[in-house]
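Notes follow the structure.
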Amino acid sequence: MSDERMPLGVFTSVGEGLGAGIERVLDLGVRTVQVHTPKPELRTPEYAREIAQKFEDAGISVTLVFCGFPGESYASIAVVRDTVGLVPYVQRGERVRHARQIADFASWMGAPGIGIHVGFISENWESPEFAEITRVLGDLADYCSDLGLCINLETGQESADTLQHVLETVDRDNLGVNFDPANMILYGSGEPLDALRQVGPYVRSCHCKDAVWSAAPGEEWGEEVPLGQGDVNIEEFVSILNGLGYTGPLTIEREVSGARQIEDIKAGIELLRDIKANLGIA
Ligand code: MG
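Throughout the sequence shown, residue numbering follows the numbering used here, covering 520 to 801 in sequence.
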């Protein structure tokens with residue numbers, strides 16, 4: 520990566536999946552990406568090297584490989600609770616195996632780490648569920664550490680207090696946070712900027728995404744909106760990151776598809792460039 524502080528980036532995909540697509544990244548003029556994991560059959564050393572070479576040839580740094588698991592659904596908050604991440608008990612063993620494969624893939628690509636939605640971690644810190652999920656995360660962090668990788672937990676599905684307690688309980692140097700401020704609003708899990716100040720020292724990567732609160736936070740989704748048009752206060756978000764000494768990428772995530780996604784990402788890039796200039800970040 521260049522020496523630029525907080526280089527702009529986008530969330531994209533390789534093979535099939537979510538995101539802006541590798542060809543479009545160049546058009547957007549950004550030079551960092553987080554990539555969603557390819558499907559399991561593509562997670563081979565050969566494919567990893569092929570993809571890594573394409574990004575390298577394009578002058579693009581891959582800053583994180585994001586986990587996704589078969590059977591996950593984001594249809595509603597209740598469905599997320601039942602289906603997403605490592606929390607659902609029946610799928611846990613299989614998903615840990617997938618997460619390790621994704622870590623292998625990230626290391627074959629030469630990426631620095633993986634990102635993951637753990638799911639709805641119990642807010643009862645004395646519960647067996649909390650103890651077990653922190654043990655599982657510790658094991659996965661150790662697996663990543665052996666590969667020289669970081670593992671960053673996506674925010675949103677738990678309160679900042681619980682996220683902080685997870686980080687302190689697992690207590691691994693390579694375990695950090697991928698801070699997505701919009702998710703805190705979408706899931707109704709707390710004021711994002713307060714949460715950022717709280718877990719700030721653990722933030723290793725982020726998603727620049729915006730959202731407006733629902734009328735029933737925590738029960739119904741808030742609405743994701745183009746960057747700068749929601750309740751996050753993106754300028755303050757970047758300013759707090761800057762104050763924390765964060766120098767990593769500002770990775771735009773826009774979870775709509777097609778031409779609208781590209782237009783919104785372009786506008787987001789312009790907005791972040793202006794914010795960085797206003798804050799004297801270069
Ligand atoms: Mg996100």
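The beta carbon of each residue, even a glycine, is placed where N, CA and C say it ideally should be.
- Under DSSP, Asn671 forms a beta bridge with Gly634, Gly695.
- A distance below 6 angstroms between beta-carbons, with the five flanking residues on each side excluded, links Phe588 to the following residues of its chain, in chain order: Arg614, His617.
- With contact defined as three or more Cβ pairs closer than 8 angstroms, the region 577–594 and the region 642–654 are not in contact.
- The shortest C-alpha to C-alpha distance from Ala597 to any of Asp658, Tyr706, Thr688, Leu656 is the one to Tyr706.
- Exposure of Lys558 is indicated by the presence of fewer than 16 other C-beta atoms within 10 angstroms of its C-beta.
- Distance from the Cα of Arg600 is smallest, within the candidate group Val775, Glu739, Leu791, Ile771, for Glu739.
- In summary, Pro526 is buried, with 16 or more beta-carbon neighbours lying within 10 Å of its beta-carbon over all protein chains present.
- Distances from the CA of Ala630 to each of Ser678, Arg524, Glu673, Ile579 were compared; the closest alpha carbon is that of Ile579.
- For the options Gly762, Lys795, Ala571, Ala730, the alpha carbon positioned closest to that of Arg773 is the one of Ala730.
- For Cys725, the three-state secondary structure derived from DSSP is strand.
- Proximity to Asp665 across Val757, Ala622, Val544, Ala801 peaks at Ala622, based on C-alpha coordinates.
- Listed as beta-bridge partners of Val581 by DSSP are Val552.
- The beta carbon of Val603 sits closer than 6 angstroms to those of Glu591, His636, Gly638, all from its chain and outside the five residues before and after it, given in chain order.
- Here Val584 is not near Val552, since their CB atoms are 7 angstroms or more apart.
- Around the beta carbon of Pro768, 16 or more other beta carbons lie within 10 angstroms, which makes this residue buried.
- Not one heavy atom of the ligand MG is found less than 6 angstroms from the C-beta of Glu743.
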